[in-house]
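Enquirer: Each residue of the sequence shown is one higher than the one before, counting from 3 in this note's numbering.
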Amino acid sequence: LFCYPSAPVEPWFEAIAEGPTPTLVCIAGGSAQAALRVTLGRELVVGDRCSLGNVECVRLPMLDQIGYDQLLWSCAFNAVRGEDSWLRAHWAGVPFIWQAYPQAQSLQMEKLDAFLARMRASSEWLADDHTRIAALMRAWNRADGNAIGRAWQDFDTRLRARDAMREPYAGWVASLASQTPLTERLTRYCLDRLE
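1) Report the residue from 138, 189, 119 whose alpha carbon sits nearest the alpha carbon of residue 79.
2) For a test of the three-state rule: what should DSSP assign to residue 148, helix, strand or coil?
3) Under three-state DSSP, which class holds residue 60?
4) Three Cβ pairs or more, each shorter than 8 Å: is that satisfied between the segment 23-31 and the segment 60-68?
5) Would you call residue 14 buried or exposed, if buried means 16 or more other Cβ atoms sit within 10 Å of its Cβ?
6) Helix, strand or coil, according to DSSP, for residue 159 in the structure here?
7) Is residue 10 near residue 145, with beta carbons less than 8 Å apart?
8) Name the one or two DSSP bridge partners that residue 80 has.
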């Protein structure tokens, strides 16, 4: 869990806690701590563990980039924030939820909707699951406590079906990896201008 303070962590944890699957949530420092302080009623220091129903939380130390990437790769689901972690979550190839940087007048929703539209248009693998992915990401970014629980339960039902959600996300990442690299496109652009 790596999020901004506005993330609807409390209702999300409630939905997980009431769900059928025991879940370990690895918590990054920073803003996630602020959201969790409200949810758990106390500060978690590095190494602390805390349980809430079917949710067990563990507070992680600060990780270097290699350690963070390894964590993303080894989790069944990632909650990330901002652009850099969002890119890292893509390359991990596992299901994720992305919280865009909150902006005035909720402009982050335009960025999120553009991403979701691109994801849907670019990946045949997501066709069946796009609606549940979009509902989850929109509820998370709107900090909609009522919608996040329902969206998570719908998403989690597919997530628990062994690797059911991994394939769509892996397909999305494969579609990105098959694109012409940016350096090659920039080189072509520059060469075209010289001719």
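Yeah, the Cβ is synthetic: ideal placement off N, Cα and C, and Gly gets one too.
Expert: Judging by the given coordinates:
1) Nearest of 138, 189, 119 to residue 79, Cα basis: 138.
2) helix
3) Residue 60: strand per DSSP, three-state reduction.
4) yes
5) buried
6) helix
7) yes
8) 98
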